[in-house]
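415 is the number of the first residue of the sequence shown in the working numbering; add one for each residue after it.
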Amino acid sequence: MRKWIFLILGLCGLLSAKDWSAPLKINIDSVDTARKVVQFQAYDLKVGESGYVLAKLTDYDVISASLEVLSVENGVAYAKYTPYKVMKQKHLPTPRMTPKKGNLAIFREFNSQAFLIAPDVHTYEQIKDDHPDTTFISSDLLVAFLNGFDPTAKTLRRACDIYSVGLVYLVSTNRLNILDCQSFAILETKPFDTTRVGRTFTPFFSRVEGVDRGTFGKLVAGGKAKHYFTYYDNLLRKESEKKLVREVKAEDKRELRKDIKKAKSQKQKQALEREYNKEIQEEQQQIAPALSKRQKAEEKSLDQATTKERAKEAKEAKKRRKKELAKERLEEKAERKAKKAEKKREKAEEKRIRQEERE
C-alpha cells in the first residue's frame, strides 16, 4: 500500500519547483512487448510525463511510438508505449515499428512552449513575468482553435499538437498547475493567490472578443467555462480522477486483489475497499478543493457583472468603430475630391498651354 500512496502523489504533481524545459534523451534498456512497456533510467522524470521513441535507421531517424511514464522505482522509469499519432497522415504509409533496446526515449522536447490559461489579464501577465524562460503561445490562438467550445483535455491535446506545445499552465483556485499537455498529468502545483481576482474572462483571458456559436453542437458544448474557477477546478478534478482510476488501479490491481483475497471476512474486505476509496477522495480534494456555497455565489455574482461589462464594452467598441469608419469615409471622400480638383487643374493648365501655342 505504501507503493500505491507514492504513485498517487506522483500523479497529483505535489512536487517542488523545477525547470521542465530542458529536453531529456535516454537510451531504452529493455522492452516488454506483451505489456507494451519500456524501461530506462529515470533521471528526474515524473509519473505522467509524455515523450516519444526515436529509432535510428541507416539513412534517417523515425519516431516509432509515443511514451507516458507509468511509474518510477529505484531510479528506473517504466513507460507505456502507444502508436505515435501527432503527425499521422492517412494518405501516406505509416511505419509499423515497435521500440527496441538502444532506441532513444525523448522527453520535454516541446516544453519550452506552453499555453497559459488564466482568469484575467493581471494573472496572465504575472505568470508570464514569473516564467521568463518559457515561451507562452498567445491565448488568442487557443480561443480561436476552441471556436466556442469549452476547453477539454482532448481539445487541449489537439491544440498542443498543432502548435508544438508541451505544457499547459492552468490557474485554478489558489493554485498554479503545470500540466503535461499530452497526458494532462499535473507535473507541479504551486500556491497562487486568486482571492483578488475580480472579473474573469470566458473561457479564459484572451484578447479575442467573440467566438462562433453558429451550430447547435457549440451551443450545447460551450458556455460552462463562463464560471471560470468552478469549471477548471472540476476539469482538473475529473481528469485526475480518471487518471487515478486508470493508472493507480491498473498498477496496483494485483496487490489490492491479494489484500482482498487474504481478508478473513467480508467485513474486512469491505473495510479495505472503503480505505482505498477514501484515500482517492482525499487526493482529489488536495488537487482541487470543492468551492463553498459562498464562493459559488460570489463567482456567480462576478460572472453576472462580467456579462454586463462585456456587453457595455462591446457597445462602446461598436460606437468607436462607427466613428472610425465615418472618419475614414470622410478622409477618403476628401482625398477623392482633392484628386479630382488636381486633375481639373492639370487639364486647365494643358488647355491654356495649347491655346498659347496656337496663338
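Cβ atoms here follow ideal geometry from the backbone N, Cα and C, with glycine treated the same way. Remember, predicted model here, so these are calculated numbers, not experimental data.
Item	Value
Judging by CA-CA distance, which residue of 471, 522, 458 is the nearest neighbour of residue 481?	522
Determine the burial state of residue 589: buried for a count of at least 16 other Cβ atoms within 10 Å of its Cβ, exposed for fewer.	buried
By a C-beta neighbour count over all protein chains shown, 10 Å radius and 16 as the cutoff for buried, is residue 493 buried or exposed?	buried
Measuring CA to CA, which of 533, 571, 546, 528 is closest to residue 581?	528
Based on DSSP bridge pairs, tell me the residues matched to residue 482.	464, 494
Threshold first: 4 residues or longer. Then list the alpha helix (DSSP H) segments lying entirely within the segment 554-620, N to C.	567-577
For residue 530, write down the residues that DSSP places opposite it in a beta bridge.	583
Sort out for me which residues DSSP pairs residue 475 with in a bridge.	470
Are the segment 549-563 and the segment 606-626 touching by the rule of at least three beta carbon pairs closer than 8 angstroms?	yes
To the nearest angstrom, how far is it from the Cα of residue 599 to the Cα of residue 477?	22 angstroms
Which same chain residues end up closer than 7 angstroms to residue 548 when comparing Cβ atoms and leaving out the 5 residues on each side of it in sequence?	435, 526, 528
Is it the case that the Cβ atoms of residue 498 and residue 479 are separated by a distance below 7 angstroms?	yes
At what residues does the alpha helix (DSSP H) containing residue 521 begin and finish?	From DSSP, residue 521 is part of no alpha helix (DSSP H) but of the beta strand (DSSP E) over 518-521.
Assign residue 483 to buried or exposed, taking buried as 16 or more other Cβ atoms, counted over all protein chains shown, within 10 Å of its Cβ.	buried
Give the straight-line distance between the Cα atoms of residue 496 and residue 450, rounded to the nearest whole angstrom.	8 angstroms
Look at residue 594 and residue 485 and say whether their C-beta atoms are less than 7 angstroms apart.	no
Taking only the alpha-carbon atoms, compute the straight-line gap between residue 701 and residue 741 and give it to the nearest angstrom.	Note that residue 701 scores 48 on pLDDT, short of 50, meaning its location in the model is unreliable; the coordinates nonetheless yield the value given after this. Answer to the nearest angstrom: the Cα atoms are 54 angstroms apart.
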